[in-house]
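Enquirer: Sending over a structure as structure tokens; questions will come in a sec.
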Amino acid sequence: MIDNSENKEPVKKSNFIHSQIEKDLQEGKNDGRVHTRFPPEPNGYLHIGHAKSICLNFGIAEKFGGKCNLRFDDTNPSKEEMEYVESIQKDVRWLGFDWEDRMFYASNYFEKLHEFAIKLINEGKAYVDDQDAETISKQKGTPTRPGQESPFRNRTVEENLDLFRRMTLGEFDEGSRVLRAKIDLASPNMHMRDPIIYRIMKAHHHRTGDKWCVYPMYDFAHGQCDYWEGITHSICTLEFEVHRPLYDWFIDQLKDSDYRPRQIEFARLNLTYTIMSKRKLLELVKENYVNGWDDPRMPTISGLRRRGYTPESIRNFSERIGVTKVDGMIDVSLLEYSVREHLNKTAQRVMGVLNPLKVVITNYPENQEEELDAINNPEDESMGTRKVPFSKELYIERDDFMEEPPRKFFRLAPGREVRLRYAYFVTCTDVVKDENGEITELHCTYDPASKGGNSPDGRKVKATLHWVSAKHAVKSEVRLYDRLFNDEDPSGHKDVDFKEFLNPDSLKILPDCYVEPFVKASKPLDHFQFERLGYFSLDYDSKTEKPVFNRTVPLRDSWAKAQQNK
RNA sequence: UGUCCUGUGGUGUAAUUGGCAACACGUCUGACUCUGGAUCAGAAGAGUCCAGGUUCGAGCCCUGGCAGGACAACCA
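Per this note's numbering, the first sequence runs over residues 2 to 567.
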């Protein structure tokens, strides 16, 4: 293992797939080549689960000096769209991976696939079945009961050839006929019971247009595409495990050398409090439960990006969770830990007040202003310092003041002295309230000798507060996100729809926040730490007059935690 | 009452050819601190699904159970 403790990236772990590849290499398989592929279907946006697969596949290529292709599995035109193929490319690139000149589509192979089907017919290994879906399904039997042969199973090669030709020409209606591989109706594996390999679909395909009236099924396309691309290790998720004998069967019909791709399955990612099904994510988007695929509450790559996650943090997360065949559930807190870890080291610090409470420094000269030095990132000296304006009227966080502070509340209270970060020690002298008894303003005095945050007499103060000068503050909107679902496993309940668990408080918009002027120059997706609060990132919805910040994740907060446990 | 897969602290992953069950997250202490952050130090927490067997020695090998998951779209 490589010692990369310097950059603190998690050490790259090995896993069972790496071991199997090493073994294949030792045995001299496939001329020592390692070639993987990431094969999304363009029927939705990529999510964090895909990120795991992307990191795995591209990571293997990197580790073994091989290659990794991007291949769109576009065999079902009724669900696939160009918008998705574009978003997928963007997301893979953003994650930091490069397929170079190897971007392919299953539809690139439609011609070859069709020829291969004809070859199987000629060899008596495929036949046209005239029955409808329901009949075929019934004949297939059940996992515990063998299937029965179709009455059309023993048609002549000539008849099959003719029928398939006419299916291809569009002479028949959708659903009226299919092409099936002739394998074994009695197989204990349902996928070997004469699987359907071509169906009639008169849909417009996003790439081939109206050229085809028949489209290959997944099982008939995937392995063959792997074969033609020279893939050596075809890595997919556990649910395809039972497909493997069929995958191998088609490869056996195709191969003419020692080379053969090998399918290896691993457990897909499950995260607590989130759903990973593209179908369900699409439902949230279509029915407006969220604001699009890139809503920052979505587990999509584009949602995480907009939320303020970094590619590094997602890659580190993938590395940390490992790769196995155990179907488990990862705690989201591990994902959150990964962003905090990265952002702590890289994010520009800034002061911002979410729930403002006005403070007047009564002994500060009326029209005076000054600029104080603030550190941009205490974890990274090279990021330097900046100036923060200070004046008589400030905003502090409402939560940072309590009129009757409980034990262990160290922040501001009547008569108490605290430090304003990088500025002065201040002492609260008066609490101003409105007729309803609501606190509207605080009066404080400051100690001019404590400029910069230290008092010459060495007296200590228990808390440091963040603040913003009222006159210089940039009024901003801040969007606070919480988990989208309030159940650990929203889709794990048999009789309850996952939408029942939608968290009504997953988005809280704070329209009147104040942030220090430094943020004026920022661009969407810039990352900040609002000191003492959390990590925030500028949203695309920002206007120059009014920036909008998304909270990526709050800082760990031992005070809040102690309160919760009460 | 089929086939295939999987069972290791709360969670996720490790443990060369059998050799004192390790690491990360989380949790709890304490130190430090101009972020109640970060950092640092420490602690608790599993005897590896169960039962037999082989062995000086089993998480790992053998036998038999048990539990969970996948498979019966003209989806991928």
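Ideal Cβ positions, reconstructed from N, Cα and C, are used throughout, including at glycine.
I'd like the span of the beta strand (DSSP E) that includes Met-299, first residue to last.
Expert: Taken as a continuous stretch (DSSP letters only), Met-299 belongs to no beta strand (DSSP E), as it is neither H nor E.
Enquirer: DSSP on Val-353, reduced to helix/strand/coil?
Expert: It is Gly, not Val, that sits at residue 353 in the sequence shown. The answer is strand: DSSP assigns Gly-353 an E or B state.
Enquirer: What are the boundary residues of the alpha helix (DSSP H) that includes Asp-92?
Expert: Run containing Asp-92: 83–96, per the alpha helix (DSSP H) assignment.
Enquirer: Going straight from the alpha carbon of Leu-148 to that of Gln-254, what length do you get?
Expert: Before going on, a small fix: residue 148 reads as Gly here, not Leu. Straight-line Cα distance between these residues: approximately 23 Å.
Enquirer: Express the C-alpha separation of Lys-476 and Pro-512 in angstroms, rounding to a whole number.
Expert: If you take the alpha carbons of Pro-512 and Lys-476, they lie about 8 Å apart.
Enquirer: What's the C-alpha gap between Ala-62 and Glu-230?
Expert: Approximately 14 Å between the Cα atoms of the pair.
Enquirer: Count the other C-beta atoms from every protein chain shown that fall within 10 angstroms of the C-beta of Ala-1, then say buried if there are 16 or more, exposed otherwise.
Expert: With the chain covering only 2 through 567, there is no way to say anything about residue 1.
Enquirer: Just to confirm the assignment: which complete alpha helix (DSSP H) runs, minimum length 4, are found wholly within the stretch 206–245?
Expert: With a minimum length of 4 residues, the continuous alpha helix (DSSP H) runs that stay inside the stretch 206–245 are 219–230.
Enquirer: Between Leu-466 and Val-419, which are expected to be in contact by the criterion C-beta below 8 Å, what is the C-beta distance as a whole number of angstroms?
Expert: Confirmed, about 6 Å.
Enquirer: Looking at Glu-81 and Pro-40, is the spacing between their C-beta atoms short of 7 Å?
Expert: No.
Enquirer: Tell me where the beta strand (DSSP E) around Pro-525 begins and ends.
Expert: Unbroken run through Pro-525: none, as it is neither H nor E.
Enquirer: Mind checking which residues open and close the beta strand (DSSP E) that includes Asn-123?
Expert: Element bounds for Asn-123: not the beta strand (DSSP E) but the alpha helix (DSSP H), 111–123.
Enquirer: Quick one: Cα of Asp-527 to Cα of Lys-212, how far?
Expert: Cα to Cα, Asp-527 sits roughly 45 Å from Lys-212.
Enquirer: Taking Lys-35 and Gly-60 to be in contact with their CB atoms under 8 Å, please state how far apart those CB atoms are, rounded to whole angstroms.
Expert: The sequence as given places Val at residue 35; Lys does not occur at that position. Actually they are not in contact, since the Cβ atoms of Val-35 and Gly-60 sit about 11 Å apart, beyond 8 Å.
Enquirer: Counting Cβ pairs closer than 8 Å, one from the stretch 404–424 and one from the stretch 449–457, do we hit at least three?
Expert: With the cut-off at 8 Å, the stretch 404–424 and the stretch 449–457 touch.
Enquirer: Keeping to the same chain, check which residues put their C-beta closer than 6 Å to that of Ser-88; ignore five residues upstream and five downstream.
Expert: For Ser-88, where only same-chain residues beyond five positions count, the Cβ hits under 6 Å are Tyr-46.
Enquirer: With DSSP run on the structure shown, which of helix, strand or coil describes Met-104?
Expert: Residue state, collapsed to three classes: strand.
Enquirer: Please name the residue, chosen from Arg-399, Thr-386, Glu-112 and His-343, that lies closest to Val-360 on a Cα-to-Cα basis.
Expert: Answer by Cα proximity: Arg-399.
Enquirer: How long is the line joining the alpha carbons of Ala-348 and Phe-410, rounded to whole angstroms?
Expert: Their backbone Cα atoms lie some 28 Å apart in a straight line.
Enquirer: Quick check on the DSSP output: the beta strand (DSSP E) that includes Glu-372 runs from which residue to which?
Expert: Segment 370–376, the beta strand (DSSP E) holding Glu-372.
Enquirer: Any chance the stretch 230–247 sits against the stretch 260–278, with 3 or more Cβ pairs inside 8 Å?
Expert: Yes, the stretch 230–247 touches the stretch 260–278.
Enquirer: In chain order, what residues of the same chain have a beta carbon less than 6 Å from the beta carbon of Gly-304, not counting five sequence neighbours either side?
Expert: Around Gly-304: Asp-295, Asp-296 and Pro-297.
Enquirer: So, under 8 Å CB-CB, Gly-224 and Ile-252 are touching, yes? Tell me the CB distance rounded to an integer number of Å.
Expert: Contact flag correct, Cβ pair sits at about 5 Å.
Enquirer: Considering only the alpha carbon of each residue, which of Asn-368, Gln-140 and Arg-280 lies closest to Lys-500?
Expert: The shortest C-alpha separation from Lys-500 is found at Arg-280.
Enquirer: According to DSSP, is Tyr-290 helix, strand or coil?
Expert: In this structure, Tyr-290 counts as coil in the three-state DSSP scheme.
Enquirer: Tell me which residues share the same chain as Ile-55 and place their Cβ nearer than 7 Å to its Cβ, disregarding the 5 neighbours each side in the sequence.
Expert: Once the five neighbours on either side are set aside, the close Cβ partners of Ile-55 are Phe-39, Val-93, Leu-96 and Phe-98.
Enquirer: How would you write the range of the beta strand (DSSP E) that Phe-39 sits in, first residue to last?
Expert: 36–39 is the span of the beta strand (DSSP E), which, as asked, contains Phe-39.
Enquirer: Do you know how far the Cα of Pro-300 is from the Cα of Arg-460?
Expert: When rounded, the distance between both Cα atoms is 48 Å.
Enquirer: Relative to the C-alpha of Gly-50, which residue among Lys-388, Leu-336 and Leu-503 is closest?
Expert: Of Lys-388, Leu-336 and Leu-503, the residue nearest in Cα terms is Leu-336.
Enquirer: Flag this pair as yes or no: are the beta carbons of Val-462 and Met-352 separated by less than 7 Å?
Expert: No, they are not a contact pair.
Enquirer: I need the straight-line Cα distance from Glu-367 to Ser-392, nearest angstrom please.
Expert: For Glu-367 and Ser-392, the distance between alpha carbons rounds to 8 Å.
Enquirer: Taking the alpha-carbon positions, what's the Phe-73 to Met-403 distance?
Expert: Their Cα atoms are separated by approximately 58 Å.
Enquirer: Would DSSP call Glu-418 helix, strand or coil?
Expert: Of the three classes helix, strand and coil, the one that applies to Glu-418 here is strand, per DSSP.
Enquirer: Please state whether DSSP places Lys-64 in a helix, a strand or coil.
Expert: In the structure shown, Lys-64 sits in a helix (DSSP, three-state: H, G or I).
Enquirer: Between the stretch 549–556 and the stretch 530–541, can you find at least three pairs of beta-carbon atoms closer than 8 Å?
Expert: Yes: the two stretches touch, three or more of their Cβ pairs being nearer than 8 Å.
Enquirer: To the nearest angstrom, how far is the alpha carbon of Lys-139 from that of Glu-23?
Expert: Going by the C-alpha atoms only, they are around 44 Å apart.
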